[in-house]
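Counted the way mature numbering (1 follows the signal peptide of the UniProt record, and there is no 0) counts, the sequence shown spans residues -23 to -1, 1 to 393. Note that CB positions come from ideal geometry on N, CA and C, so glycine has one too. Only one structure is covered here, and it is reproduced in the block below.
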Amino acid sequence: MKKFLAASLAIALSAGATTFAMADERDDAVHGRDSAAQREAKARSALEGINADLSKSALELDKVNSQLPGAQKQLASAQAEYGAAQRKYQQVSDQLEVAKAEQRRLADKITSSKEEAEQTAGKIAAVAAKAYRQNGHSATLKLAMTSATTEQFSKASAAADQVSRAESANLAKVQAELASTRNAQDRQNALTDQIAGLEAEAKKTADSAEAAQKAQQKRLSDLNALKAKNEALSKELSSRKGEAQKDLDAASKDVAKYQGKIDKLDQKNRAAGGGGVPAPAKGIFAHPVSGPLVVTSPWGYRTHPILGTAILHEGVDLGNACGTPQYATANGTVAEVGDYVTGGNGVMINHGVIGGSSWVTMHLHLQQYVVSPGQQVKQGQLIGYTGATGRVTGCHVHYEVHQNGQTIDPMSLPGF
């Protein structure tokens, strides 16, 4: 009898040691899987962000490429208009120079004609004065005192009249030419003013065309710069996408590897434990907080409030204030505590095999945890306080339940 009891005790101790060893090994596997899952989620989030940026860059590039032909055509048109306006301006400028030269010629001619008219008038005045002296008393007395005849006197007087008439005719001719030149000058002045106005208008048109050409040139340059920028960004994002995809593939392999290990351990758990602890009639798990449960975000696929992408929400979010106590929902061993990438401060509890299934729970986004790895906890024991650590928008309870390595909806459990 004693030998039988001793043998039975040895077998029990051996089985117990094996069970604890498997529990530790499973905890390590869960830790490895969850760490890999975090890396997987991070890599997937990064990849989704890169894909979104790539799509945005591609749209921008398509938009720029669609605008480039029109911009090039508009620039060519603006350049043609500017060239035509420049030629027109040069043409009118040349006409203005010719008109100004004609103005100067007419002004010089008027000056010359005035001088000639003044000289001719002077000659006429001189002849008239001489004729007066010859026809006056002094001339009569002189003729009387000399032996000159009346015939000679008449001839002299006639010659003076002839000279006077010739100079008068010449003066009339000069005055007529002067009047004609002045009329021509008036017309030329009007024409020159008109051409000057055309030149000013042509210059204004040319300046406007030049400004339009510069604006189109700048637009084309800006589009080409934007194209180059988006092409460079797409190249960089493509490179980053390749790296992110490698990270995601590696993390996914690790998740699968650890999950496979967990599945094998759970099978051994069930085989070694003979089904484990039977499930209580009223349910395995108690509530993680006191009071009624107010679901603010259910378990399942949803649009992440921070990332903006559709991902599996592996737990249930319950409305609760910062600092609210959270409790272990069943007996178990604290498998891990720490700072998770997106989950913030968290506590993972391995409850072992209950009712034929392997159970693990997690409490995330805690303000503070008050347990440590390897610590045995009882249902209802304080494990931490509600917070808003990690990637969240505010204080709340995040509670997860893993059955045989897969998350389930906690609200589907008996008593929830």
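Could you tell me if residue i is buried or exposed, where buried requires 16 or more neighbouring beta carbons within 10 angstroms of its beta carbon?
i: Y278; result: exposed
i: T117; result: In this prediction, T117 scores a pLDDT of 46, lower than 50, which makes its location untrustworthy; no coordinate-derived value is stated.
i: G174; result: exposed
i: D294; result: buried
i: V272; result: exposed
i: S334; result: buried
i: N160; result: exposed
i: E313; result: buried
i: Q171; result: exposed
i: T280; result: exposed
i: A29; result: exposed
i: S115; result: The pLDDT assigned to S115 is 47, lower than 50, so where the model puts this residue is not dependable; a value taken from the coordinates is nonetheless given after this. The residue is exposed, with fewer than 16 neighbouring Cβ atoms inside 10 Å.
i: A103; result: exposed
i: T363; result: buried
i: G323; result: buried
i: E377; result: buried
Where residue i and residue j are concerned, what is the direct C-alpha to C-alpha distance, given to the nearest angstrom?
i: R368; j: A202; result: 37 Å
i: K86; j: T158; result: 7 Å
i: A18; j: V232; result: 11 Å
i: G113; j: A149; result: Summary for G113: the model assigns pLDDT 49, below 50, so the residue's position carries little reliability; its value from the coordinates is reported in the next sentence. Distance between the alpha carbons of G113 and A149 is about 28 Å.
i: E74; j: Q96; result: 33 Å
i: W336; j: K223; result: 32 Å
i: R217; j: I27; result: 7 Å
i: V318; j: L36; result: 32 Å
i: G99; j: Q67; result: 48 Å
i: S349; j: L38; result: 53 Å
i: A189; j: S215; result: 39 Å
i: G268; j: E213; result: 52 Å
i: L289; j: H375; result: 14 Å
i: H340; j: H379; result: 12 Å
i: K10; j: A227; result: The sequence given here has Arg at residue 10, not Lys. Rounded to whole angstroms, R10 to A227 spans 12 Å at the Cα level.
i: residue 410; j: E154; result: Limits of the chain in this structure are -23 at one end and 393 at the other, which puts residue 410 out of reach.
i: R82; j: E176; result: 21 Å
i: T88; j: D163; result: 15 Å
i: F393; j: D386; result: 10 Å
i: G219; j: K195; result: 36 Å
i: L31; j: K206; result: 13 Å
Is the beta carbon of residue i less than 8 Å from the beta carbon of residue j?
i: A263; j: Q352; result: no
i: Q72; j: A183; result: no
i: K204; j: V41; result: yes
i: H328; j: G309; result: yes
i: A84; j: T169; result: no
i: T306; j: T338; result: yes
i: Q193; j: A48; result: yes
i: P391; j: G292; result: no
i: Q165; j: E79; result: yes
i: Q236; j: G382; result: yes
i: A14; j: A221; result: no
i: L225; j: A53; result: no
Excluding five sequence neighbours on each side, which residues of the same chain lie with their C-beta closer than 8 Å to the C-beta of residue i?
i: A365; result: C299, G321, H342, Q344, G371, C372 and H373
i: V354; result: A305, N308, G309, T310, V311, I326, V348 and I360
i: L45; result: L197, L200, N201 and K204
i: M388; result: L270, V272, P275, W276 and V293
i: V266; result: L295, N297, T301, P302, Q303, Y304, T363 and V374
i: E208; result: L38
i: D240; result: N381 and G382
i: A167; result: none
Only counting the same chain, and skipping five residues up and downstream in sequence, which positions put a Cβ closer than 6 Å to that of residue i?
i: E58; result: A186
i: S211; result: S34
i: S229; result: E17
i: A179; result: K65, Y66 and V69
i: Q51; result: Q193
i: A55; result: A189, Q190 and Q193
For residue i, which residues from the same chain have a beta carbon less than 7 Å from its beta carbon, with the 5 sequence-adjacent residues on both sides left out?
i: L359; result: P302, Y304 and V347
i: G296; result: V271, T273 and H373
i: A125; result: Low local confidence applies: a pLDDT of 49 at A125 is under 50, so the model's placement there is unreliable, with the coordinate-based value given in what follows. Nothing meets the Cβ criterion.
i: S90; result: V151, E154, L155 and T158
i: S43; result: none
Using a Cβ cut-off of 8 Å (strictly closer), state whether residue i contacts chain D.
i: G300; result: No chain D is part of this structure, which consists of one protein chain only.
Is residue i near the ligand COA, with its Cβ less than 7 Å from a heavy atom?
i: A179; result: No copy of the ligand COA appears in this structure; indeed no ligand is present at all.
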